[in-house]
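Below is one structure, written out as structure tokens; comments come after it.
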Amino acid sequence: MMSAHLGRMSVMQTLTTNKPQTRIQTHSNMLFLSLAYLSLIAAWLPLLAHATPHPKPSPRRNIAGVSVIDTPIVRAAQQFARDHSDDRLYNHVMRAWLFGTLLLAHNETLRASVDEEVQAVGLMLHDLGANHSLDSPFVTLDRRFEVDGAFAARGFIRSHRDGRHWDDRRVQLVWDGIALHAEPKFALFKEPDVVAIYWGNDLDFSGPAHGVTDAEYAAVVAEFPKPVNQTEMVIEGITWYCRHKPLSTQDTFMQPYGEMFVPGYSAVGHRAIDGALGR
477 MMSAHLGRMS
487 VMQTLTTNKP
497 QTRIQTHSNM
507 LFLSLAYLSL
517 IAAWLPLLAH
527 ATPHPKPSPR
537 RNIAGVSVID
547 TPIVRAAQQF
557 ARDHSDDRLY
567 NHVMRAWLFG
577 TLLLAHNETL
587 RASVDEEVQA
597 VGLMLHDLGA
607 NHSLDSPFVT
617 LDRRFEVDGA
627 FAARGFIRSH
637 RDGRHWDDRR
647 VQLVWDGIAL
657 HAEPKFALFK
667 EPDVVAIYWG
677 NDLDFSGPAH
687 GVTDAEYAAV
697 VAEFPKPVNQ
707 TEMVIEGITW
717 YCRHKPLSTQ
727 DTFMQPYGEM
737 FVPGYSAVGH
747 RAIDGALGR
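According to this note's numbering, the sequence shown is numbered sequentially starting from 477.
Right under this line is the structure:
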């Protein structure tokens, strides 16, 4: 493509440096020049269509030694999480956000593909549906807690003065990231933003990985402490859904917790195989 452009420019330079010509020759040359310029513009249009303007650097602040994006909607999301979470849940989502941010800091390729506001809002609000109270404005009886959280986060974005200007794609990425944050078989094959939300949450359970160092991890945990026995907390959290929202747990990763830890829990009649076998 570039050789063709250089060829056109060479022709144009030659035409514009010739000695005075006849009126017919001049008109002919001007027509040729116009067509050449149009051809040049047409050749560049596909490239311009895919060009992404260089974004302005976002303001940042430091939390637990981690440089995080600091925009009004991100600060509002943090406050929203604080207002609708107990200490245990709030500390978890904050750790997930900070671990997710560290993940990007150690992965230049992923960082270049991820919208940090989407990731931040998605991680801080990913457990709004995990509030163990049926009086919560976000908790339903029939939907999985991840879906409850996804709808709650979407409502938050749409009600925020900056979020009202988010396009549908950004909002959908937050929704998908939250709805799939416990489903790696789906999340890891989605957009980079969804992947980043998944890994941020996962790092809170897996420990240091994906470039996040032991020292970085420890600094985050020191600022937002983990429960003494996180495994027991996870079991307690999931069995709450099995007791109070059983329909939302059947045929999911939560079902075995109900079968193992909740007396009387049964998914029989509600599993995909039951429908396939007509029972």
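Glycine included, C-beta positions come from ideal geometry on N, C-alpha and C.
Output the residue ranges of the alpha helix (DSSP H) runs that lie fully inside the stretch 677-739 and measure 4 residues or longer, sorted by chain position.
With a minimum length of 4 residues, the continuous alpha helix (DSSP H) runs that stay inside the stretch 677-739 are 690-699, 706-720, 731-737.
Bridge partner(s) assigned by DSSP for Arg536:
Arg536 has Ile545 as its beta-bridge partners, per DSSP.
For Arg637, name the three-state secondary structure that DSSP assigns.
Arg637 falls in the coil class under three-state DSSP.
Identity of the residue in Arg640, Arg630, Glu622, Met709 nearest Lys721 by Cα
Considering only alpha carbons, the answer is Glu622.
Any idea what DSSP makes of Ala743, helix, strand or coil?
Three-state DSSP puts Ala743 in coil, outside helix and strand.
Taking only runs that begin and end inside the stretch 583-608, name each unbroken alpha helix (DSSP H) of 4 or more residues, in chain order.
As far as the stretch 583-608 is concerned, its whole alpha helix (DSSP H) runs of at least 4 residues are 584-589, 592-600.
As assigned by DSSP and simplified to three states, the class of Ala572
Ala572: helix per DSSP, three-state reduction.
Have a look at His568, Leu578, Asp559 and flag the residue whose alpha-carbon is nearest the alpha-carbon of Ile545.
Ile545 has its Cα closest to that of Leu578, out of His568, Leu578, Asp559.
Since Ala588 and Glu699 should fall inside the 8 Å C-beta cutoff, what is the C-beta to C-beta distance between them, to a whole number of angstroms?
About 27 Å separates the Cβ atoms of Ala588 and Glu699, ruling out a contact at the 8 Å cut-off.
Just the Cα atoms here: how many angstroms apart are His582 and Val590?
Near 13 Å, if we compare the C-alpha coordinates of Val590 and His582.
Given this structure, state the Cα-to-Cα distance separating Gly687 from Glu592, to the nearest angstrom.
Spanning the two alpha carbons is a distance of roughly 18 Å.
Tell me whether the beta-carbon of Tyr741 lies closer than 7 Å to the beta-carbon of Gly734.
Yes, these two residues count as a Cβ contact at 7 Å.
Whether Ile765 touches Asp638 by CB criterion (7 Å):
With the chain running from 477 to 755 in the structure shown, residue 765 is simply not present.
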